[in-house]
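Peer 1: Just passing along the structure, written as structure tokens.
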Amino acid sequence: MTWKLFYNLKCFNSLSSSTKIGKVLITGVAGFIGFHVAKRLLASGLEVFGIDSMNGYYSTQIKQDRLELLKRFANFSFSSINICQRNDLESLFAANPFDLVIHLAAQAGVRYSLDAPHKYAESNLMGFVNVIEACRQQGVTRFLFASSSSVYGNQEGGVFSEDGFTDAPESLYAATKKANELIAHSYSKQFGMQTIGLRFFSVYGPWGRPDMAYFSFTKKILSGAPISVFNRGQMVRDFTYIDDIVDGVDQLIANLNQLPGYKIYNLGNNHPVKIMDFIGALELALGREALIDFQPMQAGDVVFTCADISSAQRDFDYKPCVDMESGLKVFVKWYRGYFGKGEAAKSE
Ligand SMILES: NC(=O)c1ccc[n+]([C@@H]2O[C@H](COP(=O)([O-])OP(=O)(O)OC[C@H]3O[C@@H](n4cnc5c(N)ncnc54)[C@H](O)[C@@H]3O)[C@@H](O)[C@H]2O)c1
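Set out below in structure tokens:
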């Protein structure tokens with residue numbers, strides 16, 4: 005039931021595929037976005053090989069549970085590989101002729117990059133080079149990768165367009181994502197690979213990341229604990245529902261033949277909301293009021309995000325269509341099912 009409701013929110017599904025893709029590698033497949041993208045590609049009949057280190061940055065149980073659902077597809081294979089282990093990657097690529105690599109594995113999270121900088125350097129810099137270099141060595145010419153809205157830094161107001169200023173990252177996390185874009189550019193120029201970066205904007209939804217604010221807010225509101233709201237609630241985010249992101253990736257893949265050798269796209273919602281309005285919608289979905297503990301701005305964080313999505317609209321008809329109220333309702337329904345009657349949610 006959770007899944008049906010989840011998919012009812014979708015506007016459409018492309019992968020009508022003018023681009024011929026057989027076998028896809030998804031790194032970070034047990035992660036939030038990797039899981040959803042894999043599920044979509046598997047359902048459309050593609051052969052997906054997923055890898056993930058299953059690290060303990062957040063609950064490994066939810067990563068295992070996502071994987072269990074993917075393993076139900078006959079066209080899915082998985083290997084527990086850390087992208088920092090170059091030899092393992094090289095063996096994987098030597099044994100599997102991938103047509104496309106979707107590189108999502110990374111140490112995510114802005115705030116944690118203040119505590120554990122080396123994890124970001126290892127996975128997001130060295131790991132990134134290991135994956136893109138394995139592509140080059142094995143002749144994989146199509147490489148999609150996750151960048152982030154955080155590359156825009158602290159710009160107040162306006163709409164962030166891909167050719168705008170991105171040279172003042174507020175966190176090491178953002179700096180690694182910007183570095184990924186530059187490395188991908190060099191591989192496209194030097195080796196003729198098609199490298200496309202996707203700047204995701206605050207993605208939320210079922211099977212989401214427990215470290216993200218909306219997820220921890222939900223847990224705390226349900227248990228009656230106060231939630232910490234930073235910058236005293238003066239934050240604006242372009243929250244993007246996971247189905248819209250998956251649609252975007254799906255349509256992008258279907259249009260790869262028409263896209264340039266190197267390109268960066270924003271995948272956001274283009275409807276920025278005040279964090280207090282977001283909390284209000286979450287309270288409504290939960291039927292409970294939040295106890296709010298206002299806190300000052302946190303280091304590394306940004307005040308405002310809003311994606312200009314006109315490039316993605318023009319190039320692959322990207323049209324996010326899930327509003328915050330509907331998206332949060334589905335998230336809360338999933339959350340209650342997963343943590344309340346866990347087995348029911350997992351079996352769908
Ligand atoms: N969720 C968002 O709002 C958001 C926003 C902007 C960018 N992104 C980026 O999108 C990508 C996916 O994000 P997500 O939200 O699904 O995060 P996630 O943490 O849920 O998924 C990342 C996955 O990568 C795996 N991983 C991490 N380091 C690895 C390594 N060295 N080797 C192999 N696997 C490794 C993790 O175990 C995890 O399962 C990341 O690159 C992230 O930086 C996400």
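So the sequence shown is numbered by my numbering: it starts at 5 and just counts up by one.
Just so you know, even glycine gets a beta-carbon here, dropped at the ideal spot from N, CA and C.
Keep in mind the model is a prediction, meaning the values are calculated, not measured.
With DSSP as the reference, please indicate the residues paired to ARG241 in a beta bridge.
Peer 2: VAL277
Peer 1: For ARG241, which residues in the same chain have their Cβ closer than 6 angstroms to its Cβ, ignoring the five residues on either side in sequence?
Peer 2: SER206, THR309
Peer 1: With distances taken from CA atoms, which of SER227, TYR245, ASN270 is nearest GLY344?
Peer 2: SER227
Peer 1: Under 8 angstroms, do HIS3 and PHE147 count as touching if we go by C-beta distance?
Peer 2: Shown here, the chain extends from 5 to 352; a query on residue 3 therefore has no answer.
Peer 1: Taking Cβ positions, are GLY32 and ASP69 nearer each other than 8 angstroms?
Peer 2: no
Peer 1: Given the structure, does MET58 come close to ligand 1, in the sense that its CB is under 7 angstroms from one of the ligand's heavy atoms?
Peer 2: Yes.
Peer 1: Cutting at 7 angstroms between CB atoms, please list the residues of its own chain near GLN317, excluding the five before and the five after it.
Peer 2: LYS323
Peer 1: CB of ALA34 to nearest heavy atom of ligand 1: below 7 angstroms?
Peer 2: Yes, since a heavy atom of ligand 1 falls inside the 7 angstroms radius drawn around the Cβ of ALA34.
Peer 1: Hey, would you say VAL28 sits closer than 8 angstroms to ASP103, going by beta carbons?
Peer 2: Judged by their CB atoms, VAL28 and ASP103 are nearer to each other than the 8 angstroms cut-off.
Peer 1: Give me the DSSP bridge partner(s) of PHE36.
Peer 2: Paired residue(s): none; PHE36 is not in a bridge.
Peer 1: Going by DSSP in three states, LEU13 sits in which element: helix, strand or coil?
Peer 2: Because the pLDDT at LEU13 is just 41, under 50, the model does not fix this residue reliably, and the point stays unresolved.
Peer 1: With three or more beta-carbon pairs closer than 8 angstroms as the criterion, would you say the stretch 271-284 touches the stretch 230-241?
Peer 2: By the Cβ test, the stretch 271-284 is in contact with the stretch 230-241, since at least three Cβ pairs between them sit closer than 8 angstroms.
Peer 1: Beta-carbon of SER190 versus every beta-carbon of chain C: anything under 8 angstroms?
Peer 2: No chain C is part of this structure, which consists of one protein chain only.
Peer 1: Looking only at C-alpha atoms, which of VAL52, GLN302, GLY331, LEU45 sits nearest to TRP211?
Peer 2: GLY331
Peer 1: Let me make sure I understand the geometry here. Which of HIS40, ILE85, SER152 has the alpha-carbon closest to that of ALA311?
Peer 2: SER152
Peer 1: Within the same chain, show all residues whose beta-carbon is closer than 6 angstroms to that of LEU290, passing over the 5 residues directly before and after it, in chain order.
Peer 2: ILE225, VAL336
Peer 1: Could you check what DSSP says for PRO121 in three-state terms: helix, strand or coil?
Peer 2: Here PRO121 sits in helix by DSSP.
Peer 1: Do GLU219 and GLN299 have their C-beta atoms closer together than 8 angstroms?
Peer 2: Inspection of the sequence shows that residue 219 is occupied by Phe rather than by Glu. No.
Peer 1: Would you kindly report the start and end of the unbroken alpha helix (DSSP H) that includes TYR342?
Peer 2: 328-343
Peer 1: Which of the three DSSP states is assigned to LEU46 in this structure?
Peer 2: helix
Peer 1: Please give me, in chain order, every unbroken run of the beta strand (DSSP E) with length at least 3 that falls completely inside the stretch 89-157.
Peer 2: 104-107, 146-152
Peer 1: Short of 8 angstroms in beta carbon distance, which residues of its chain neighbour THR222, apart from the five on each side in sequence? Order them along the chain.
Peer 2: Answer for THR222: LEU286, LEU290, PHE335, VAL336, TYR339, listed in chain order.
Peer 1: Measuring from the CB of VAL207, is there a heavy atom of ligand 1 at a distance below 7 angstroms?
Peer 2: yes
Peer 1: Compute the Euclidean distance between the alpha carbons of PHE204 and TYR61, then round it to the nearest angstrom.
Peer 2: 20 angstroms
Peer 1: Does DSSP put TYR269 in a helix, a strand or coil?
Peer 2: Secondary structure of TYR269 (DSSP, three-state): strand.
Peer 1: When burial is assigned at 16 or more other CB atoms within 10 Å of the CB, is ASP366 buried or exposed?
Peer 2: Within the shown structure, residues of the chain are numbered from 5 to 352, placing residue 366 beyond reach of any answer.
Peer 1: Short of 6 angstroms in beta carbon distance, which residues of its chain neighbour ARG90, apart from the five on each side in sequence? Order them along the chain.
Peer 2: ASN134
Peer 1: Would you check if the distance between the CB atom of SER192 and the CB atom of TYR245 is smaller than 8 angstroms?
Peer 2: no
Peer 1: Give me, in chain order, the residues of the same chain whose beta-carbon lies closer than 6 angstroms to that of CYS139; leave out the 5 immediate sequence neighbours on both sides.
Peer 2: VAL105, PHE147
Peer 1: Contact defined as beta carbons within less than 8 angstroms: I believe GLY26 pairs with GLU51. What is the distance between those atoms, to the nearest angstrom?
Peer 2: The C-beta distance from GLY26 to GLU51 rounds to 6 angstroms, short enough to meet the 8 angstroms contact threshold.
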